[in-house]
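Sequence order for the protein chains is P and Z. Taking the working numbering, the leading residue of the first sequence gets 6, the next gets one more, and so forth. Taking the working numbering, the leading residue of the second sequence gets 4, the next gets one more, and so forth. Inspection log for the structure reproduced underneath, given as structure tokens.
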Amino acid sequence: MFEILEKKVLNPTVTLMRINAPRVAKKAEPGQFIILRTDSEGERIPLTIADYDREKGQVTIIFQIVGASTEKLNHLNEGDCLQDFVGPLGRATETDGLKKVAVVGGGVGCAIAYPVAKKLHELGCEVHSIVGFRNKDLVILEDEFRAASSKFVLMSDDGSVGEKGLVTDALKKLIESGEKYDRVITIGPLIMMKFVCRLTKEYNIPTVASMNPIMIDGTGMCGGCRLTVDGKTKFACVDGPEFDGHLIDFDEAMARGAMYKTFERKAHEETCKLFQEVK
Amino acid sequence: MPNMSPKRNEMPVQAPDVRNKNFSEVALGYTEEQAIDEAKRCLGCKNSPCRGGCPVQIDIPEFISHVAEGEFEEAYNVITRSSSLPAVCGRVCPQENQCECKCVRGIKGESVAIGRLERFVADRHNAQPAAPVEKPVSNGHKAAVIGSGPSGLACAGDLAKKGYDVTIFEALHVAGGVLSYGIPEFRLPKSIVAKEIDGLKALGVKVETNTVVGKTVSIQELMEDEGFESIFIGSGAGLPRFMNIPGENLNGVYSANEFLTRINLMKAYKPDSSTPVQAGKKAVIVGGGNVAMDAARCAKRMGADVTIVYRRTEKELPARAEEVEHAKEEGIVFKFLTNPTEIKSDENGRVRSIICQQMELSEPDASGRAKPVPIEGAFIEIESDCIIMSIGTSPNPLIKSTTEGLETQKWGGIIADEDGLTSKEGVYAGGDAVTGAATVILAMGAGKKAAAAMDKYMTEK
């Protein structure tokens, strides 16, 4: 069993958990993910690794409460155990030879963007981080990003924190001001990544996007996580989760991501009701 | 006197229009009387041709003679000399192409129902209170098995019986491999799979689920850091193939693997499951193997009208005859000589229909089966809101790509000799990971063979 060693509420819908998982911690790299189940009847939830400590054998995850299963996960506390925790899955972020990188994160995607920024920073790469949130209550990991970046831009949709606007506005401004990036790494909502990739394509900046599709096993067996990259079908779990952002069919990925929305919404409402009744 | 009835004893089954709405087992199994009556049909041929048809050479006439005498436990002991999974193989083996097709009784009537008798014997044994298992005396050697499907379970069982300290590493959260995620409950109850695994645990086998070898830990680390002297790779052929036709990534298109995993492993057929599946109102299954039949019959049970499209004719269907019969009885429609070329979407990006080309058969191809060729301009459109691609699987490249010096075929199968030895010392492989998608019994046989070779390797080292 995999004990929850720490639980921290980052904002009303985003929670951090530090999990005891020595085998996973030993191998984890930024960009990779794990799959967990809260209980013996639980859904398999894929989550990108937010941090890890090889010596202590611990892995940190950060998740947004979006459905029944993440709601259940959020009701667990320090000392509770997860039923299953498997990983690290997928390929690690490629960091070799990068000198200057813009890391563009949106919402809870910042939880995944942060370890990438941190690793690049540790490798001596110049990191510019641009992160966007809907409003100031949803900001996460600001201090951590600042520590790992030589330039940090905070954007919000409503202007309640940082600059008002989209991450693409900030990125465009930096590029226009003469910043030359070897690569842009973007992690966040599909619609945001689509527009980041559209922008960087105009400037011919190689761009990597981290995909988080629906999946079951995470080892290449179900094919549920397939997406189209450069006209070819790829599996996010084994070929990714990071792909050349200029070649991803984002519209298809968005449609696939919505496949179970009605089921999810209903299941989430029922789970919330259940927890309220228990209270 | 042998029972000279030309007909075998019918297998009691759930009625088709009842069973196509539930996930309980279809075939109910012989009664004692039926089993003894059927066993008496065996002539006990001296040269026992049936035995030659069995991939693991079970002494079929001997076990059947015990059944005829009502000595069921003795019959069980005969089977388990050669097979590790009788309750499973009695259910899922393609007996009609193996032991039963060699049966002399089949020349002038129906062959002896060997598979049904095997199942009876195994179920009868399993229904008895389990005799206390004596843990074999440890021989001090450590072996690892990767994958808990049929080959891995067989290999682990044989090694454990010889006193090895065996650990099985399984990527999923449940052991059993294809027996758990692939074959549906109505054909192979999961309680039977669980019983086999509990039996191994009683022998001292450790099962580490949630461990993806190649990701969580490498083969090299298992050998160098964790002290495993020999390793068996039974990682199966789990990678689904697609047709690469337009529309295949639309919502509502599943690989058979995904569809079956949602239903079997994640129990999506239960109303309170947290994992959804959408079998739709009109499901179309593409393919003609056992997996296609399983997917079709699951979709039917989820409430869909189901059509199977297959590019050759009924004669070439690779699925077991019994599965095809059962599918038809349950109301599944077959469209033969029909090959999908495109999947059409509705305005919301969901599947609306599938366009198929009509085919005709020409000369036999490399597989010996008549090759289907398109009839120019002949297309049909089948309305559908769920399409399940069941056109085969390939070995998972995860282990190959993370194990230096492990040689594979071009198509991904691990190269292994007759004993299962790979290009790496101490590392053995068997089952679908070596052969590509095949049968449970072949995988089980490969696991047993490798166990014998690993035993020799570790004791002589």
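C-beta: ideal position from N, C-alpha, C; glycine also.
Residues of the region 199 to 233 of chain Z with a Cβ closer than 8 Å to any Cβ of chain P, in chain order: T212, N213, T214, V215, K218, T219 and V220.
Each of E36/Z, C92/Z and R190/Z was checked against the Cα of P58/Z, and the nearest Cα belongs to C92/Z. DSSP lists A214/P as the bridge partner or partners of F248/P. Beta bridge pairing from DSSP links R127/Z with no other residue. Taking every protein chain shown into account, the CB of E48/P has 16 or more other CB atoms within 10 angstroms, so this residue is buried. Fully contained in the region 80 to 146 of chain P are the following alpha helix (DSSP H) runs of length 4 or more, in chain order: 115 to 127.
Contacts with chain Z at 8 Å (Cβ-Cβ) do not include A97/P. By the CB criterion at 8 Å, K10/Z and G92/P fall outside the cutoff. For the pair E11/P and E83/P, the CB atoms are nearer than the 8 Å cut-off. In this structure, K452/Z sits near D422/Z, with a CB-CB distance shorter than 8 Å. A Cβ of chain Z is located within less than 8 Å of the beta carbon of G228/P. At the C-beta level, A307/Z and C359/Z stay beyond 8 Å of one another.
As DSSP reads the structure, R23/P sits in a beta bridge with E11/P and T65/P. About 7 Å separates the beta carbon of I149/Z from that of I402/Z, a gap short enough to meet the 8 Å contact definition. With its beta carbon at least 8 Å from every one in chain Z, V283/P lies outside the interface.
Chain-order list of chain P residues neighbouring P9/Z: empty, with the shortest C-beta distance near 45 Å, by a criterion of under 7 Å. Distance from the CA of T98/P to the CA of L125/P, rounded to the nearest whole angstrom, comes to 10 Å. Within the same chain, Cβ atoms closer than 7 Å to the Cβ of S393/Z are found at A259, I288, V289, G290, G292, V294, A295 and A298, the five residues on either side in sequence being excluded.
For D89/P, the C-beta contacts it makes with chain Z under 8 Å involve H176, T212 and N213, in order along the chain. Secondary-structure assignment with DSSP links K145/Z through a beta bridge to D168/Z. For R203/P, the enclosing alpha helix (DSSP H) begins and ends at L195 to E207. The region 58 to 70 of chain P and the region 199 to 210 of chain P do not touch, with fewer than three beta-carbon pairs separated by less than 8 Å.
Neighbours of G47/P across chain Z, judged by C-beta separation under 7 Å: S277.
For R265/Z, the residues of chain P that pass the 9 Å Cβ criterion are I221, C227 and G229, in the order they occur in the chain. For K338/Z, the three-state secondary structure derived from DSSP is strand.
Residue environment for Q131/Z: exposed (fewer than 16 other C-beta atoms within 10 angstroms of its C-beta). When the beta-carbon positions are compared, Y265/P and I219/P come within less than 8 Å of each other. With a 10 Å radius around the Cβ and a threshold of 16 neighbouring Cβ atoms, R127/Z comes out buried.
Between A324/Z and K318/Z, the alpha-carbon positions lie close to 10 Å from each other.
Taking the Cα of P246/P as reference, the smallest distance to any Cα among D254/P, A258/P and M216/P is reached at M216/P. Within the model, the alpha-carbon separation for V220/Z versus R28/P is close to 7 Å.
Residues of the region 238 to 251 of chain Z that bring their beta carbon within less than 8 Å of a beta carbon in chain P comprise G241, L242, P243, F245, N247 and E251, in sequence order. For R59/P, not one C-beta of chain Z is nearer than 8 Å to its own C-beta. G225/P and T233/P have their C-alpha atoms some 15 Å from each other. By the neighbour-count definition (other C-beta atoms within 10 Å, threshold 16), P249/Z is an exposed residue. The C-beta separation of Y431/Z from T425/Z comes to about 6 Å, placing the pair in contact by the 8 Å criterion.
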